[in-house]
Amino acid sequence: MREYLLTLCITAAVTYLLTGPVRKFAIVAGAMPEIRARDVHREPTPRLGGIAMFFGLCAGLLVADHLTNLNEVFEKSNEPRALLSGAALIWLIGVLDDKFEIDALIKLGGQMIAAGVMVVQGLTILWIPVPGVGTVALTQWQGTLLTVALVVITINAVNFVDGLDGLAAGMVCIAAAAFFMYAYRIWYSYGIEAAAPASLFAAILMGMCLGFLPHNMHPARIFMGDSGSMLIGLVLAAGAISVTGQVDPDVMKLFSGSERNAVHQMVPVYIPLLMPLTIIAIPAADLILAIVRRTWRGQSPFAADRGHLHHRLLEIGHSHSRAVLIMYFFSALIAFGALAYSVNAASMWIVLSVVFLSAIGLVLLLLPRFTPRAPRWAESFVPPRYRRRRAAAVPVSEDGGAAVAVEEERVPVTAGVSGVNGATAVGHRTRGVR
């Protein structure tokens, strides 16, 4: 665990330190496109944040290769090299798109080629466990098609959800944390070495997102662009592909005891089928809804619009920060909820605590008029909208009545106007958001 933590910290540090120079480079290079009709931000903001994230990925893999335990991943498996090859290709395509905005079909072709590069080097799905049937071996073509499909869907799902400051990086980081807990348990508890690359990929992905988030939180100073969103989508898919079909029930010795216990213990075998779906559940739902919405209107599925889930949260009156937090809690609720089915009783309370806290936070954030208030002693440390209203004194009446302190009257504000739940993206603001 120490080596994973060190790899995560090095990846986060490199990404964080490089993002500032990359921002200056993006400004000089002119990677600041004009405001589009579907954009939420008000001012041109530099992109190319994926450059810093890619070098963070390279730094994480380099450090892991020189660590005692993680070095075995590189010696026994070619998957880290396959990931680096596919990531470099998809990153170059994303950089070109951030600068020149290449055609959507060209990007789709590049995504398929990047997935094919990983398949050629051994990062592919070999078999899948099917409930009620057992382990189903895949032919080479079946495994290739399934791998390419999973990579393309994950990349575009993450790309679609990258619409608000810090949204994509935070959601992917939450998903990667849940996936790391699952893959690490399979590797550490059951001794299955095939799960070690997936654990490494998840740790590096968390470092990439955590290092970039301080620069990308609202108001964002730089966007990750397609060079970043497609990159983290590919790394996320690579982790799911690496562990899917690698869990051997015979090695895990799950067929012991009563039939009921065997069925319960077999749940971790099927989690690889569920985790990729839960990881991209919200982005995938947004992707499917966008395709249906656009084709229903007679538009191209690749035509951009303002109908995504985060856009709708802004339209009903949620502030930018609150909309992002709602999406965070949704992701945590789904990912860790699925993870709860694969953990044992000893660590179940940790996962259930995360699920419970996510549900509580989600309920509080969805209350349309709920605004937390800081205590009196902490008001100087929080934004003005979290401070309590001061009482205003009413002048003494002519008949000699005593002065009465009344609370400042609040003016009702309709949803979608700046001031509801903080500053919304529909109202005026001085700094840009996505």
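Whatever position you read off the sequence shown (first residue = 1), add 1141 for the working numbering.
C-beta: ideal position from N, C-alpha, C; glycine also.
Only a predicted model underlies this, so the values are computations on that prediction, with no experimental measurement involved.
Under DSSP, residue 1148 takes part in no beta bridge, so it has no partner. DSSP, read as helix, strand or coil, puts residue 1285 in helix.
Per DSSP, residue 1355 is one residue of the alpha helix (DSSP H) stretching across 1337–1357.
Taking every protein chain shown into account, the CB of residue 1244 has fewer than 16 other CB atoms within 10 angstroms, so this residue is exposed. Residue 1329 counts as exposed, since fewer than 16 other C-beta atoms from the protein chains shown sit within 10 angstroms of its C-beta. The Cβ atoms of residue 1383 and residue 1342 lie closer than 8 Å to each other.
Under the criterion of beta carbons closer than 8 Å, residue 1263 and residue 1220 qualify as touching, at roughly 6 Å. The secondary-structure analysis by DSSP pairs residue 1278 across a beta bridge with 1268. In the three-state scheme derived from DSSP, where H, G and I count as helix and E and B as strand, residue 1239 is classed as helix. Here residue 1207 is exposed: its Cβ has fewer than 16 other Cβ atoms, across all protein chains shown, within 10 Å. For residue 1252, the enclosing alpha helix (DSSP H) begins and ends at 1245–1261. Taking a C-beta distance under 8 Å as the contact criterion, residue 1423 and residue 1471 qualify as a contact pair. Using a C-beta cut-off of 8 Å, the segment 1300–1318 makes contact with the segment 1364–1379, since at least three inter-stretch Cβ pairs fall below that distance.
Annotation: residue 1234 to residue 1520 spans about 47 Å, alpha carbon to alpha carbon. In the three-state reduction of the DSSP assignment, residue 1162 falls in the helix class. Sequence-distant Cβ neighbours of residue 1223 in its own chain, meaning closer than 7 Å and more than five residues away, are 1259, 1262, 1263, 1264. Collapsing the DSSP output to three states places residue 1195 in a helix.
Taking all protein chains shown into account, residue 1429 has fewer than 16 neighbouring C-beta atoms within 10 Å of its C-beta and is therefore exposed. For residue 1333, the three-state secondary structure derived from DSSP is coil.
The beta carbons of residue 1365 and residue 1309 sit about 7 Å from each other, so the pair counts as a contact at 8 Å. Under the DSSP assignment, residue 1367 falls in the alpha helix (DSSP H) whose first and last residues are 1366–1384. When C-alpha distances from residue 1151 are compared across 1185, 1166, 1198, the shortest belongs to 1198. For residue 1212, the enclosing alpha helix (DSSP H) begins and ends at 1212–1217. A Cβ-Cβ distance of about 7 Å is found for the pair residue 1321 and residue 1347, placing them in contact under the 8 Å criterion. Of all alpha-carbon atoms in 1284, 1279, 1237, the one lying nearest the alpha-carbon of residue 1170 is that of 1237.
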